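Asks: Have a look at this one.
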Amino acid sequence: MRPSRNGILLSAALAFLGAGLAAAQSSQVSDTVPPSPGLKGEVYFGPFIGYSFIGDHQFRCKCDVMQENYIVWGGRVGYMVTDNLGVETNAGYLNLHPSFWELSVGALWDFTPTTHGWNVYASAGAGASREKVFEGKGTFIAYIAPGAEYRFNKNIGMRLEL
4 MRPSRNGILL SAALAFLGAG LAAAQSSQVS DTVPPSPGLK GEVYFGPFIG YSFIGDHQFR
64 CKCDVMQENY IVWGGRVGYM VTDNLGVETN AGYLNLHPSF WELSVGALWD FTPTTHGWNV
124 YASAGAGASR EKVFEGKGTF IAYIAPGAEY RFNKNIGMRL EL
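FYI, in my numbering the residues of the sequence shown are 4 to 165.
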């Protein structure tokens with residue numbers, strides 16, 4: 004039996020349609036999953052609110068008030084050197100009597116660098132605490148801080164740090 008001309012045309016049309024659908028489906032998959040951009044070269048900044056729970060009434064001033072359990076207000080600016088490593092500077096203000104400024108520089112290691120979702124990190128740094136920002140004798144400070152940051156997108160995130 005010899006196939007009819009209509010049967011050959013129908014088979015060719017179905018093969019062409021199937022190939023077109025397969026090509027369209029594979030291009031949709033590759034178009035909807037863009038490669039994740041890295042964090043290298045990103046500058047970040049933002050405000051922070053902290054809580055100072057380590058105190059000693061002889062640490063900041065020779066006074067009778069226990070100098071602990073105070074809110075620290077401040078901000079940070081940082082730069083991601085690689086996808087995992089960032090450097091940052093922090094400035095904080097403690098409204099004590101007398102009030103104090105804390106200035107520090109540090110490094111941050113991002114264990115899970117993503118531009119959306121949770122990023123787990125550890126940071127460490129050192130600086131000085133003093134009554135006037137760049138005047139007078141400062142008291143050495145150091146910090147080690149584990150934390151997690153939730154990035155809502157590439158530019159907006161929220162850190163939770165200890």
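Each residue gets a CB set at the ideal place from its N, CA and C atoms; glycine is no exception. Computed from a predicted structure; not experimentally measured.
Use the C-beta contact count for I147: other C-beta atoms within 10 angstroms, 16 or more gives buried, fewer gives exposed.
Replies: Exposed is the call here.
Asks: Please report the Cβ distance between E91 and I144, rounded to the nearest whole angstrom; I am assuming they are in contact, meaning their Cβ atoms lie under 8 Å.
Replies: No, E91 and I144 are not in contact; Cβ-Cβ is about 15 Å, not under 8 Å.
Asks: Helix, strand or coil: how does DSSP classify L106 here?
Replies: It is a strand residue.
Asks: Once DSSP output is grouped into helix, strand and coil, what is the label at G141?
Replies: Note: G141 maps to coil in three-state DSSP.
Asks: Is it buried or exposed for Y124, if we count other Cβ within 10 angstroms and need 16 for buried?
Replies: So Y124 counts as buried.
Asks: With 16 other CB atoms within 10 Å as the buried threshold, where does S102 fall?
Replies: S102 should be labelled exposed.
Asks: Does the distance from the C-beta atom of R79 to that of F51 stay below 8 Å?
Replies: Contact flag set, yes.
Asks: Go through its chain and collect everything with a Cβ distance to V36's Cβ below 8 Å, but skip five positions before and after it.
Replies: With a pLDDT of 46 at V36, under the threshold of 50, the modelled position of that residue is not reliable, and the figure given next carries that caveat. Once the five neighbours on either side are set aside, V36 has no close Cβ partner at all.
Asks: State buried or exposed for N158, treating a residue as buried only when at least 16 other CB atoms are found within 10 Å of its CB.
Replies: So N158 counts as exposed.
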